[in-house]
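Going by the numbering used here, the first residue of the sequence shown is number 10, and it counts up by one from there. Even for Gly, the Cβ is constructed at its ideal location relative to N, Cα and C.
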Amino acid sequence: MKRVVVTGLGALTPVGNTVTDFWDALTAGKSGAARIMKFDPSQFRTHFAAELKNFNPKDHLDRNEIKRTDPFTQYALVATEEAVKDSGLDFDNMDPFDTGVIWGTGQGGMLTFEEQVREYAENDYNPRFSPFFVPKLIMNMASGMISMKYNLMGINYATVSACATSNTAIMDAFNYIRWGKAKVIITGGSEAPITEASFGGFSAMKAMSTRNDDPATASRPFDIDRDGFVMAEGAGTLILEEYEHAKARGATIYAEVSGAAMTADAYHITATHPEGLGAAEGMRRALKDGELNPEDVDYMNMHATSTPVGDISELKAIKNVFGESNKNLKISATKSVTGHLMGAAGAAEAIASIKSLTDGVIPGTINTENIDPELPDGMNIIFGDSIESDVNVVMSNTFGFGGHNGIVVFKKV
């Protein structure tokens, strides 16, 4: 099979609207959480989230693009524009059928759905839906709009596996390229979940932190006082390219996609398996796919959303796989800084993982003050400040409601 590499990156996150700003904030440990500005959250148990800062779609997209798209698609287009420029690809001089898009989102056009249903229900004189309602709502529209913008006529579809969605998209793109079905695929994920309906639903589930007096410290993986995740929004884009194609055009190669795998917990609609059985098997299969051993992995970017059950079960899974064979494995949880980007989480964390490879820096896990005594022994978690470290192989975990486990492994070329 063909080798697959990463040749372009783009990020739009609560802590930075470009890859450089995102990485600088991540390594500095600057939290993106604050009181919600999009609507009055006082009716809910949680009053804060990690929203985008200083972002206006008008600065990036034309009026028609904005009119026809939900924010989740707008975020995808903006992050992708950065990645395409970064890659140096000239699509005009490529066979359009050799290029494609596989994009992920967990919720799709939630704001569109909310606004349109409310408008219809509250209009007593002329209740109607916009002709853009369905196109803005459906989850495949981000991939469709990206393909239209760049005239990419190859493989094109959307993936949905809740918070494992981006890793699912990356894995699918990886597979299609190594099978020889495409030369280049734009992949990643976007999410715009900070709406009253979505936020209210998660609040009713009691899944989110209620640390309203101090939002910046609310995402605290592994802390005995952690009480839920911090909702976030944004997008991350990776340009995946067949190695020989990238090499022939003199592309900058950030990393190689070494292996990937998915498993299912088959356990609960929202909770992870308490022993992390599905996650552990996913990690094993991702390593096998990349012809790697546990001792080859230098850094683990955990899913670690700061939920009482999820953090511990993931660490149990890691210990199950790596055990005593890799005492040098370093671990961190970047959601402590960014919050949880839901279906876009895997894409943002893939970028963080790749930057760790290229820069030799591992972002620290912030906000953890009192380590949960239930943490398994022997876990080398990086708390506090980021550290310099030689990173050659990194694994990135994502897990989603429904029991989805998506794992991707990157390595230096």
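With H, G and I counted as helix, E and B as strand and the rest as coil, what does DSSP make of residue i?
i, result
"Asp-99", "coil"
"Glu-200", "strand"
"Phe-81", "helix"
"Asp-305", "helix"
"Met-10", "coil"
"Ser-405", "strand"
"Ala-295", "helix"
"Met-46", "coil"
"Ile-75", "helix"
On the CB-based measure, 16 or more other CB atoms within 10 Å of its CB, does residue i come out buried or exposed?
i, result
"Gln-52", "exposed"
"Phe-211", "buried"
"Ile-278", "exposed"
"Asn-447", "The structure shown does not extend to residue 447, since the chain spans only 10 to 422, so no value can be given for it."
"Thr-16", "buried"
"Lys-67", "exposed"
"Trp-112", "buried"
"Thr-29", "exposed"
"Asn-406", "buried"
"Lys-325", "buried"
"Glu-253", "exposed"
"Met-157", "exposed"
"Thr-261", "exposed"
"Ala-342", "buried"
"Ala-213", "exposed"
To the nearest angstrom, how far is it from the Cα of residue i to the Cα of residue j?
i, j, result
"Ala-241", "Ala-43", "10 angstroms"
"Val-169", "Val-402", "27 angstroms"
"Ala-141", "Ile-45", "The residue you asked about is not Ala; residue 141 is Phe in the sequence shown. Their backbone Cα atoms lie some 27 angstroms apart in a straight line."
"Ala-88", "Ala-357", "10 angstroms"
"Pro-23", "Thr-204", "15 angstroms"
"Leu-249", "Ala-206", "34 angstroms"
"Tyr-263", "Val-14", "7 angstroms"
"Thr-226", "Asn-26", "21 angstroms"
Quick check on residue i - is its C-beta less than 9 angstroms from some C-beta in chain C?
i, result
"Gly-197", "Any reference to chain C falls outside this structure, which holds one protein chain only."
**Request:** Could you tell me whether the stretch 328 to 338 touches the stretch 366 to 376, where touching means 3 or more Cβ pairs closer than 8 angstroms?
**Result:** Output reads no: the stretch 366 to 376 does not touch the stretch 328 to 338.
**Item:** Stretch pair the stretch 170 to 184 + the stretch 414 to 422: three plus CB contacts closer than 8 angstroms
**Value:** These segments touch.
**Segment contact flag, the stretch 188 to 198 with the stretch 279 to 290, C-beta cutoff 8 angstroms, min 3 pairs** = Cβ pair count under 8 angstroms is below three, so no.
**Request:** Jot down the residue ranges of each uninterrupted alpha helix (DSSP H) in the stretch 309 to 370, minimum 4 residues, whole runs only, in chain order.
**Result:** Runs of the alpha helix (DSSP H) inside the stretch 309 to 370: 317 to 331, 344 to 347 and 354 to 368.
**Message:** I'd like to know if the stretch 112 to 123 and the stretch 72 to 79 are in contact, where contact means that at least 3 CB-CB pairs between them fall below 8 angstroms.
**Reply:** Yes, they touch.
**Request:** Say whether the stretch 256 to 269 touches the stretch 128 to 143, bearing in mind that this needs 3 or more beta-carbon pairs closer than 8 angstroms, one atom from each stretch.
**Result:** Not touching, per the Cβ criterion.
**Message:** Assess contact between the stretch 219 to 232 and the stretch 61 to 75, defined as three or more Cβ pairs (one per stretch) separated by less than 8 angstroms. Is contact present?
**Reply:** Output reads no: the stretch 61 to 75 does not touch the stretch 219 to 232.
**Request:** Only counting runs of 4 or more residues, tell me where the alpha helix (DSSP H) segments fall wholly within the stretch 143 to 187, in order along the chain.
**Result:** Whole alpha helix (DSSP H) segments, 4+ residues: 150 to 159 and 174 to 187.
**Item:** Runs of beta strand (DSSP E) lying entirely within the stretch 228 to 291, each at least 3 residues, in chain order
**Value:** The stretch 228 to 291 contains these whole beta strand (DSSP E) runs: 243 to 251 and 264 to 273.
**Message:** Using a Cβ distance threshold of 8 angstroms, determine whether the stretch 385 to 402 contacts the stretch 310 to 329, with at least three qualifying pairs required.
**Reply:** Output reads yes: the stretch 310 to 329 touches the stretch 385 to 402.
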